[in-house]
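A short write-up of the structure that comes next.
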Amino acid sequence: MSEETVPSERVEYWKARWNEGQIGFHQPDVHKMLLKYVAKLLPEGKANKVFFPLCGKTLDMKWIYDEGFTVVGVEGVKSAIVQFFAEQNIEYSEEDVELKGEIFKLLKSKDGRIRLYWTDILKFSLDFEGTIDAVWDRGSLVALDRKDVPEYVQVIKSILSTKGHILLEVMEYDVSIMNEIQGPDKPPPPHPMYETELKKLYEPECKVEFLERGERKVYGKDVHTAIYNIYK
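Quick note on my numbering: the sequence shown kicks off at 3 and runs consecutively.
Here it is in structure tokens:
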């Protein structure tokens, strides 16, 4: 399978960003909100698997792995997955996974506890890994085109186990503050999202609990971040 065999506007946009090094969304440290609210994501320190949608090469995966959990990720840009394993010095293998007549690439650590699928997130389903107890959605929901959000949320809800938890970070800002920024990559994404929209997307299957609001700069503009615990 070549890089071109994961075609979609979603993937092509992000592939270009990775190729050009325009990955300001990638953080050089483990996310402080994951560290602060890991007990919300992993009640009693237990989970069968921790899911990272649009995982990129986030260090959060390595931290969760080092805590003893199994990591499952999905990423449409293969080079991001390869960079993760290389930068974390983790030996990995690559194999084909056939599901419903389609071939997907799985890159996994030697011990099998990091399993990263190279595919479009909207193709992910229960068929890949079964149910998952914990989802760390940092920057995924706000990265997608708005037309893809309902389908994405359905994917997440469908794989979340009966007592599963989603730790979610979103952005809150008025998009008009970005008008003066020039260039094809000016925000959004990240797209702003508010609690009322989240409740429409996740309820009634899940409960939406607001945890914390913070401050951040995007392209030099002041925006707010908001952290939620979403659970069944």
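In this text, a Cβ means the ideal position worked out from N, Cα and C, and glycines have one as well.
Three-state secondary structure (DSSP) of leucine 146: Within the sequence shown, numbered from 1, the residue matching residue 146 stands at position 144. Correct three-state label for leucine 146: coil.
Selected residue, minimal CA-CA separation from proline 186, among Tyr221, Glu207, Lys165: In the sequence shown, residue 186 corresponds to position 184, counting from 1. Ranking the options by Cα distance to proline 186, first place goes to Tyr221.
Beta-carbon spacing of alanine 228, alanine 136 below 8 Å: Counting from one through the sequence shown, the residue named residue 228 turns up at place 226. Counting from one through the sequence shown, the residue named residue 136 turns up at place 134. No. Outside cutoff.
Residues that proline 194 bridges to, as DSSP identifies them: Residue numbering aside, residue 194 sits at position 192 when the sequence shown is read from its first letter. Partner(s): Met173.
Classification of tyrosine 230 by the beta-carbon crowding that lies within 10 angstroms, buried from 16 upward: Working through the sequence shown from its first residue, we reach residue 230 at position 228. Label assigned to tyrosine 230: buried.
Meets three-Cβ-pair contact criterion under 8 Å: the region 84–102 and the region 29–45: no
Classification of glutamate 75 by the beta-carbon crowding that lies within 10 angstroms, buried from 16 upward: The residue given as residue 75 occupies position 73 in the sequence shown. At residue 75 the sequence reads glycine, which differs from the glutamate that was named. So glycine 75 counts as buried.
Endpoints, the alpha helix (DSSP H) within which tyrosine 154 is located: Position 152 of the sequence shown, counted from the first residue, corresponds to residue 154. Run containing tyrosine 154: 151–161, per the alpha helix (DSSP H) assignment.
Check whether leucine 124 and valine 157 have beta carbons under 8 Å apart: Locating residue 124 in the sequence shown gives position 122, counting from the first residue. Locating residue 157 in the sequence shown gives position 155, counting from the first residue. Result yes, Cβ atoms of leucine 124 and valine 157 sit closer than 8 Å.
Option in His167, Met195, Met180 with minimal Cα separation from lysine 188: Here residue 188 corresponds to residue number 186 of the sequence shown, with the count starting at 1. Looking at the Cα atoms, Met180 is the closest of the given residues.
Span separating the alpha-carbon of glycine 166 from that of isoleucine 134: Start at 1 with the first residue of the sequence shown, and residue 166 comes out as number 164. Start at 1 with the first residue of the sequence shown, and residue 134 comes out as number 132. Taking the straight line joining both Cα atoms gives about 7 Å.
Nearest residue (CA-CA) to valine 177, options Glu217, His33, Val225: Within the sequence shown, the letter at position 175 stands for residue 177. Valine 177 has its Cα closest to that of Val225, out of Glu217, His33, Val225.
Residues near histidine 33 in its chain [Cβ-Cβ closer than 6 Å; skip 5 each side]: Residue numbering aside, residue 33 sits at position 31 when the sequence shown is read from its first letter. Closer than 6 Å at Cβ, skipping near neighbours: Asp62, Arg140.
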